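Undergrad: Quick note on the numbering used here: the sequence shown kicks off at 19 and runs consecutively.
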Amino acid sequence: MKLSTTIDFASFMQRLEQKNPGQPEYIQAVYEVLTDVIPWIQENPHYAQDSLLERICEPDRIIKFKVTWDDDHGNVHINRGYRVQGNNALGPYKGGLRFHPTVNESILKFLAFEQTFKNSLTGMPLGSGKGGSDFDPKGKSETEIKRFCQAFITSLLPFIGKDKDVPAGDIGVGSREISYMFGQMKRIATIAPGTLTGKSVVFGGSNVRLEATGYGAVYFLQHMLDAQKDSIVGKKCLVSGSGNVALYAAEKLLALGAKVITLSDSKGYLHLPNGLTSPQLKDIMTLRFTKHQPLAHILKQYPDLQFHSGKTPWHTPADVALPCATENEIDVDDARALAAGKVKMVVEGANMPVSPTAINVFKEKGVAYAPGKAANAGGVAVSGLEMSQNAMGYFWTHDEVDQKLQIIMQNIHEQCYRFANSESDKVVNYARGANIVGFKKIADAMLAFGV
Ligand code: NDP
19 MKLSTTIDFA SFMQRLEQKN PGQPEYIQAV YEVLTDVIPW IQENPHYAQD SLLERICEPD
79 RIIKFKVTWD DDHGNVHINR GYRVQGNNAL GPYKGGLRFH PTVNESILKF LAFEQTFKNS
139 LTGMPLGSGK GGSDFDPKGK SETEIKRFCQ AFITSLLPFI GKDKDVPAGD IGVGSREISY
199 MFGQMKRIAT IAPGTLTGKS VVFGGSNVRL EATGYGAVYF LQHMLDAQKD SIVGKKCLVS
259 GSGNVALYAA EKLLALGAKV ITLSDSKGYL HLPNGLTSPQ LKDIMTLRFT KHQPLAHILK
319 QYPDLQFHSG KTPWHTPADV ALPCATENEI DVDDARALAA GKVKMVVEGA NMPVSPTAIN
379 VFKEKGVAYA PGKAANAGGV AVSGLEMSQN AMGYFWTHDE VDQKLQIIMQ NIHEQCYRFA
439 NSESDKVVNY ARGANIVGFK KIADAMLAFG V
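1. Could you name the residues of the same chain whose beta carbon sits closer than 8 Å to that of M242, not counting the 5 residues immediately before and after it, in chain order?
2. Less than 8 Å separating the beta-carbons of V400 and V226?
3. Cβ atoms of A264 and T423: under 8 Å apart, would you say?
4. Name, in chain order, the residues that DSSP records as bridge partners for A277.
5. In chain order, which alpha helix (DSSP H) runs of at least 4 residues are fully inside the segment 103-163?
6. Can you look up S406 in the DSSP assignment and give me helix, strand or coil?
7. Could you spell out where the beta strand (DSSP E) holding A393 opens and where it closes?
8. Using a Cβ-Cβ cutoff of less than 7 Å, which residues in the same chain neighbour K127 once the five nearest sequence positions on both sides are dropped?
9. What's the C-alpha gap between Q298 and W87?
10. Would L340 and L256 be called neighbours here (beta carbons separated by less than 8 Å)?
11. Count the other C-beta atoms from every protein chain shown that fall within 10 angstroms of the C-beta of G99, then say buried if there are 16 or more, exposed otherwise.
12. If you drop the 5 nearest sequence neighbours on each side, which residues of the same chain put their C-beta closer than 7 Å to that of Q407?
13. Assuming K112 and G145 make a contact with CB atoms under 8 Å, what is their CB distance in whole Å?
14. Kindly list the residues whose CB is nearer than 8 Å to the CB of S173, restricted to its own chain and excluding five residues on each side of it in sequence; keep chain order.
15. Any idea if S442 is buried or exposed, counting beta-carbon neighbours within 10 angstroms, 16 or more meaning buried?
16. How is the beta strand (DSSP E) around L288 delimited, first residue to last?
17. Mind checking which residues open and close the beta strand (DSSP E) that includes P185?
18. In terms of alpha-carbon separation, which member of A314, F135 and N97 lies closest to N394?
19. Might you give, ordered along the chain, the residues of its own chain that have their beta carbon closer than 8 Å to the beta carbon of Q240, omitting 5 neighbours on each side?
20. Quick one: measure Cβ to Cβ for D360 and P335, integer angstroms, because I've assumed they're closer than 8 Å.
21. Would you mind stating whether M405 and V220 have Cβ atoms separated by less than 8 Å?
22. Quick one, which of R165, M427, F153 and L290 has its alpha-carbon nearest P321's?
23. Pull the bridge partners of S327 from the DSSP assignment, please.
24. Among A169, G232 and I96, which one has its Cα closest to the Cα of G201?
25. The alpha helix (DSSP H) that contains T53, what's its start and end?
26. Quick one: any contact between the segment 113-120 and the segment 190-198, if contact means 3 or more CB pairs under 8 Å?
27. Can you give me the C-alpha to C-alpha distance between N292 and T280, rounded to a whole angstrom?
28. Could you check where the beta strand (DSSP E) with T86 kicks off and where it finishes?
29. Can you name, in chain order, every residue of its own chain whose Cβ lies under 8 Å from the Cβ of A376, other than the five neighbours on each side?
30. Do you know whose CA, among A392, I74 and H315, lies nearest C434's CA?
31. Go through its chain and collect everything with a Cβ distance to I125's Cβ below 7 Å, but skip five positions before and after it.
32. Which stretch, first to last residue, makes up the beta strand (DSSP E) that contains L340?
33. On the CB-based measure, 16 or more other CB atoms within 10 Å of its CB, does M410 come out buried or exposed?
34. Among N262, K217 and K277, which one has its Cα closest to the Cα of L305?
35. With I81 and F166 assumed to form a contact (beta carbons below 8 Å), what rounded beta-carbon distance in angstroms separates them?
36. To which residues of the same chain is H416 closer than 8 Å at the C-beta, ignoring the five residues directly before and after it?
In structure tokens:
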């Protein structure tokens with residue numbers, strides 16, 4: 019055992035940048051975690067041994083492969099497929115697949131790194147991973163998407179398994195894509211149902227998995243409000259995105275009496291000054307999930323609504339913001355606008371939607387900030403429950419899974435709150451709590467295993 023008593027943050031980051039050139043998202047994700055973890059290690063030097071931090075930052079393995087598929091006109095296309103297997107100290111590698119033209123090694127390494135701490139926070143036996151492809155599902159026909167999914171999973175299949183690595187969905191990978199991939203896996207191999215999560219309940223999926231990330235983020239928000247002796251009822255909420263996370267977060271906000279005053283997509287945002295109604299939400303879900311059309315097309319049904327092209331929701335006055343679209347969607351100017359608009363809480367439904375400089379603005383202005391690794395952990399937690407149900411060959415009802423999700427989100431909130439150590443801060447430092455609790459569990463497991 020080798021104990022190095024001090025870890026210098028600046029030189030650690032410099033070495034990391036030299037080793038990983040051109041990977042800004044990955045460097046950003048590590049920077050955010052180490053901002054809290056390195057000072058904590060200085061106070062707990064036991065965790066400075068055996069290059070633990072370097073080992074957690076370096077993914078166990080990166081699998082990179084070619085995905086060849088043909089379009090409806092017989093033209094052959096090639097995309098890049100990836101699987102980053104982050105860390106398996108706590109269990110099989112676990113994390114979603116993203117299909118989006120921006121996908122590259124930096125984005126997937128950042129997502130796998132975040133997943134390491136998130137999965138640790140759930141308290142479940144889950145390691146971390148992330149994968150995907152630079153394939154763009156937009157503008158593709160149903161049959162092209164099917165052929166791409168089949169080609170992608172055929173190449174990935176040798177590297178995954180229920181006790182080894184269990185993928186799920188993420189941006190661009192919803193129920194339709196998971197179904198195509200699961201169908202292909204069954205066609206070409208004998209696989210356990212627990213090899214992929216996010217499946218339809220018809221063939222081994224879990225109740226509430228579809229809703230879990232958005233619902234979980236709202237449950238986390240409820241606990242933040244409870245801790246301030248405040249209530250969610252009547253709170254005006256800015257939600258970004260109009261995909262899986264955003265729309266189920268909106269559904270739960272409505273159910274609990276909050277007001278959703280914005281939704282968005284990559285083309286702009288929808289402003290609903292009087293609050294989204296349940297019939298409107300139902301129509302938006304059909305538009306986005308069934309018809310796969312842009313959010314602005316809802317104006318055909320509701321011509322009185324306002325859609326602001328090329329703009330984001332963050333300049334709208336409100337009480338709470340839930341960024342649920344993608345990374346770095348809130349920059350420093352957006353953060354200032356949110357604080358000026360009297361937003362008191364920011365809850366990340368997406369992964370790393372708030373840039374580090376924007377986080378600093380929230381700290382200065384006393385805006386409570388809940389990082390995605392804590393607030394959006396409900397999705398992977400219910401994926402973990404899907405694996406448990408598959409292993410049992412049984413299922414839990416909607417209410418049973420929802421109850422378990424609520425307990426998990428409560429536990430995550432409690433742990434983050436307890437380790438936030440916020441005496442010197444204006445508001446509870448949930449990021450510090452999440453980073454330290456997430457790190458400690460993995461570090462304890464890795465120390466127990468030896469090098
Ligand atoms: P979806 O593909 O269902 O929806 C993504 C939404 O974000 C769409 O509205 C999309 O708009 C918008 N979006 C994507 N890229 C951009 C961009 N560059 N600028 C503005 N808007 C953009 O994905 P999910 O809802 O599943 O995922 C959203 C976020 O939540 C991601 O950060 C993901 O990693 C994270 N997450 C997801 C989990 C899950 O269970 N699905 C679990 C935990 C985290 P458009 O359609 O126009 O592209």
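Glycine is no exception: its CB is placed at the ideal position from the N, C-alpha and C atoms. Predicted model, so just to flag it, every value in this text is computed and none were measured.
TA: Let me spell this out:
1. The answer, listed in chain order, is M363, V365, A386, A388, H431, V446 and Y448.
2. Note that the C-beta distance between V400 and V226 is below 8 Å.
3. For the sequence presented, residue 423 should be read as Leu rather than Thr. Not in contact: L423 and A264 (Cβ atoms no closer than 8 Å).
4. According to the sequence shown, residue 277 is Lys rather than Ala. Beta bridge pairing from DSSP links K277 with K254.
5. Counting whole runs of 4 or more residues, the segment 103-163 contains the alpha helix (DSSP H) stretches 123-140.
6. The DSSP-derived three-state label of S406 is helix.
7. Not the beta strand (DSSP E): A393 falls in the alpha helix (DSSP H), residues G390 to A393.
8. Here the set comprises Q41, Y44, P77 and V102.
9. So the alpha carbons of these two residues sit roughly 37 Å apart.
10. By the CB criterion at 8 Å, L340 and L256 fall inside the cutoff.
11. Label assigned to G99: buried.
12. The residues are S224, F413 and W414.
13. Their Cβ separation, rounded to whole angstroms, is 6 Å, which keeps K112 and G145 in contact under 8 Å.
14. Around S173: F83, K84, V85 and G99.
15. Flag for S442 reads exposed.
16. Its beta strand (DSSP E) spans residues G286 to H289.
17. Under the DSSP assignment, P185 falls in the beta strand (DSSP E) whose first and last residues are D183 to A186.
18. Of the candidates A314, F135 and N97, F135 places its Cα closest to the Cα of N394.
19. A distance below 8 Å between beta-carbons, with the five flanking residues on each side excluded, links Q240 to the following residues of its chain, in chain order: I250 and L274.
20. Checking the sequence shown, residue 360 turns out to be Lys, not Asp. Confirmed, about 6 Å.
21. Going by C-beta atoms, M405 is not nearer than 8 Å to V220.
22. The shortest C-alpha to C-alpha distance from P321 to any of R165, M427, F153 and L290 is the one to L290.
23. The partner list for S327 (beta bridge, DSSP) reads G286.
24. Considering only alpha carbons, the answer is A169.
25. Start and end: P42 to E61.
26. For the pair of segments examined, the segment 113-120 was found to touch the segment 190-198: the number of CB pairs separated by less than 8 Å reaches three.
27. N292 and T280: Cα-Cα distance of roughly 10 Å.
28. It spans R79 to D88 - the beta strand (DSSP E) in which T86 sits, taken as one unbroken run.
29. Only I348, D349, V350, D352 and A353 meet the Cβ criterion.
30. It is A392 whose Cα lies nearest to the Cα of C434.
31. Result list for I125: E43, in chain order.
32. From DSSP, the beta strand (DSSP E) with L340 extends over V338 to P341.
33. An exposed status is given to M410, since fewer than 16 other beta-carbon atoms sit within 10 Å of its beta-carbon.
34. Selected option, being the one with the closest Cα: N262.
35. Not quite, the Cβ-Cβ distance comes to about 18 Å (not below 8 Å), so this is no contact.
36. For H416, same chain residues with a beta-carbon under 8 Å away, outside a window of 5 residues either side, are N225 and V226 in chain order.
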